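To keep things clear, I will list the structure first and then write my remarks on it.
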Amino acid sequence: MVVTRFAPSPTGYLHIGGLRTALFSYLWARKNGGKFLLRIEDTDKARNSQEAAEAIVKAFHWLGLEHDGEIVYQSQRDDIYAVYIKRLLDEGKAYKCYMSKEELDALREEQIANKERAKYDGRYRDFSGTPPEGVEPVIRIKAPLSGEIVVRDGVKGDVVFRAEDILDDFVIARSDGSPTYNFVVAIDDHLMGVTEVIRGDDHLSNTPKQIVVYESLGFTVPKFYHVPMIHNSEGKKLSKRDGATDVMAYKEMGYTPQALLNFLVRLGWSHGDQEIFSMDEMRELFNPKNINRSASIYNTEKLDWLNSHYIKNISNSTLAEMLEPYGLLLTSHDKKEILLDALKERAKTLKEMASLVNEIIIAPVSYDEKAVEKAFKGDTADILNNFKEKVAACGELHLPSDYHHLMQNTVDEMGIGFGKIGQPLRVALLGKMSGPGLDSVMAIIGKDETILRIENILKKHHA
RNA sequence: GGCCCCGUCGUCUAGCGGUCAGGAUCCCAGGUUUUCAUCCUGGUUACAGGAGUUCGAUUCUCCUCGGGGUCACCA
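Quick note: the first sequence uses this note's numbering, first residue 315, plus one each step.
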């Protein structure tokens with residue numbers, strides 16, 4: 315059974331980079347019929363980890379991702395960690411270190427002055443004397459001081475670290491008794507049954523320490539996949555300063571979950587030349603062995619393209635539902651189909667779509683001056699009047715093609731080009747020179763409103 | 001600075017010893033459209049550099065350069 319996990323620290327929202335590793339972990343678990351677990355890494359007793367967890371679950375829900383089982387909070391597991399600390403102590407694999415903070419700092423400074431690597435010197439490793447007064451000890455684990463630690467990584471390959479380069483007897487419990495990150499990660503991943511750890515490659519350097527913990531406790535080391543970072547345009551690790559890193563901000567901006575997920579799954583991962591992936595296809599085709607080895611730069615051009623692609627290809631009824639959070643209640647609008655058909659190919663985001671709808675439904679309060687100047691020539695009023703009368707003379711008008719015929723009639727009758735009626739009519743109906751097909755616009759707003767808008771502009775602009 | 005990772009079009013990527021180095025996006029041009037958008041067609045742009053290995057390297061090895069990550073009683 316494949317068990318993966320997502321283990322964020324509580325920052326209060328779901329980060330775009332975190333979402334990508336979460337997505338990879340989720341997909342890999344689902345593909346294998348396994349489990350995808352959620353754990354909040356709040357060992358520093360963060361006050362709002364509950365809120366943070368809720369924010370993550372909320373974002374997951376928006377995106378259609380679901381974790382399995384209960385959320386694990388590290389802050390509530392001190393008793394569990396204490397058991398393993400005691401066990402290592404009893405087995406002589408860890409020990410109390412009475413070195414004070416000041417002593418440690420002094421040692422570090424001296425080492426740096428001598429151009430040596432700053433590391434704990436192991437002075438309490440085999441200490442059996444009387445401990446100094448007034449110092450609450452930390453617990454250090456006995457790490458191998460020589461030899462190699464190799465991380466067998468599914469993305470990077472075998473990464474070899476020399477113990478003497480990177481290890482020392484690192485702290486697993488602080489002087490107040492609380493356990494440290496590299497210790498609890500290993501414990502939790504083991505206890506939760508995690509078999510494959512997919513996480514950012516900023517954790518690669520920590521992994522040897524975690525392997526030391528696994529091995530000291532006799533746990534089997536999981537399979538690791540360290541996925542490259544997402545960089546900003548400066549080539550640095552993506553952070554809050556880089557604008558929209560909160561996943562829910564994408565909802566507000568009008569991106570669909572499908573587009574965001576599709577965008578993220580293709581950032582650092584590929585399946586040949588395929589660009590478009592449905593959720594089912596992602597679950598079917600994702601494999602961490604195809605994760606790219608190099609970092610990628612965060613650039614949303616492709617996200618925009620994907621978003622408009624999905625808006626274009628979605629059914630009108632679901633589109634209408636998705637528009638509701640943006641203040642558009644269309645589900646019962648009688649011209650819903652014409653409206654959405656006319657607009658879905660024009661909007662990059664749902665938010666934009668909503669405002670495009672309003673531009674049609676709400677009559678223009680003012681007219682773009684340049685557009686008026688360009689569209690209104692000598693006989694424009696005659697043309698518009700001709701058309702208006704044809705509209706008024708008709709009984710029932712419903713379809714865009716009905717209006718199109720009337721426009722055609724005016725054009726034929728007056729012996730003019732289509733542009734002669736199209737331009738001024740467009741300004742009359744929408745107040746500007748661009749927009750969807752006029753026949754659709756008129757079908758949406760209806761006969762009376764069409765006449766009204768033509769009369770309005772004629773009142774203001776006698777050509 | 002030590003250690004580790006990475007280096008193909010501007011961007012996302014395919015490639016896994018022999019390819020006109022492919023796709024997508026962006027951008028540009030043309031077509032379609034009463035307009036704009038969509039859509040269609042076409043186009044510009046890449047193997048960081050240098051040594052090897054080999055009949056032959058984008059692909060394998062080494063070096064240089066460049067970028068990133070990490071080195072806590074943070075996670």
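All C-beta atoms, glycine included, are put in the ideal place defined by N, C-alpha and C. A quick note: this is a predicted structure, and the numbers were derived from the prediction, not measured.
Spatial neighbours of residue i within its chain, please: C-beta separation below 8 Å, excluding the five flanking residues on both sides.
i, result
"residue 326", "362, 365, 366 and 369"
"residue 613", "547"
"residue 655", "630 and 754"
"residue 445", "410, 412 and 451"
"residue 731", "725"
"residue 590", "576, 620 and 623"
"residue 763", "677"
Quick check: what's the CA-CA separation for residue i versus residue j?
i, j, result
"residue 777", "residue 770", "For residue 777, the pLDDT reaches just 48, beneath the cut-off of 50, and the residue's location in the model is therefore unreliable, although a value from the coordinates is still provided. The straight-line gap from Cα to Cα measures roughly 13 Å."
"residue 616", "residue 662", "11 Å"
"residue 723", "residue 696", "14 Å"
"residue 475", "residue 631", "56 Å"
"residue 637", "residue 689", "34 Å"
"residue 582", "residue 712", "49 Å"
"residue 492", "residue 568", "43 Å"
"residue 442", "residue 490", "22 Å"
"residue 346", "residue 536", "16 Å"
"residue 502", "residue 526", "15 Å"
"residue 741", "residue 702", "14 Å"
"residue 328", "residue 424", "41 Å"
"residue 574", "residue 564", "8 Å"
"residue 505", "residue 352", "13 Å"
"residue 499", "residue 453", "16 Å"
"residue 670", "residue 660", "9 Å"
"residue 768", "residue 693", "15 Å"
"residue 553", "residue 373", "18 Å"
"residue 393", "residue 529", "21 Å"
"residue 284", "residue 585", "The requested residue 284 does not occur in the structure, where the chain is confined to residues 315 to 777."
"residue 718", "residue 603", "55 Å"
"residue 647", "residue 743", "20 Å"
"residue 419", "residue 459", "21 Å"
Could you tell me which residues DSSP pairs with residue i in its beta bridges?
i, result
"residue 351", "319"
"residue 540", "513"
"residue 725", "Bridge partners of residue 725: none, in fact."
"residue 411", "452"
"residue 387", "354"
"residue 329", "560"
"residue 471", "467"
"residue 583", "605"
"residue 767", "Partner(s): none; residue 767 has no beta bridge."
"residue 551", "545"
"residue 485", "454"
"residue 610", "544"
"residue 493", "487"
"residue 476", "462"
Here's a check: name, in chain order, each residue in its chain whose Cβ is nearer than 6 Å to the Cβ of residue i, leaving out the five neighbours to either side.
i, result
"residue 751", "none"
"residue 716", "none"
"residue 482", "433 and 434"
"residue 507", "317"
Is it true that the CB of residue j sits closer than 7 Å to the CB of residue i?
i, j, result
"residue 510", "residue 386", "no"
"residue 540", "residue 467", "yes"
"residue 850", "residue 377", "Lying outside 315 to 777, the shown extent of the chain, residue 850 is not represented and no answer is given."
"residue 451", "residue 410", "yes"
"residue 542", "residue 609", "yes"
"residue 461", "residue 487", "no"
"residue 339", "residue 512", "yes"
"residue 523", "residue 577", "no"
"residue 341", "residue 607", "no"
"residue 625", "residue 545", "no"
"residue 381", "residue 350", "yes"
"residue 469", "residue 414", "no"
"residue 735", "residue 756", "no"
"residue 388", "residue 355", "yes"
"residue 379", "residue 561", "no"
"residue 738", "residue 698", "yes"
"residue 318", "residue 343", "yes"
If residue i sits next to residue j, beta carbons under 8 Å apart, how far is it from one beta carbon to the other, in whole angstroms?
i, j, result
"residue 685", "residue 747", "4 Å"
"residue 652", "residue 765", "With 8 Å as the limit, residue 652 and residue 765 do not qualify as a contact, their Cβ atoms being about 19 Å apart."
"residue 465", "residue 518", "7 Å"
"residue 644", "residue 650", "5 Å"
"residue 402", "residue 463", "Contact doesn't hold; Cβ gap of about 18 Å is too wide."
"residue 497", "residue 521", "Actually they are not in contact, since the Cβ atoms of residue 497 and residue 521 sit about 13 Å apart, beyond 8 Å."
"residue 331", "residue 557", "The Cβ separation is near 13 Å, so there is no contact."
If I measure Cβ to Cβ from residue i and keep anything under 7 Å in the same chain, skipping five residues before and after, which residues do I get?
i, result
"residue 745", "678, 680, 681 and 682"
"residue 706", "765"
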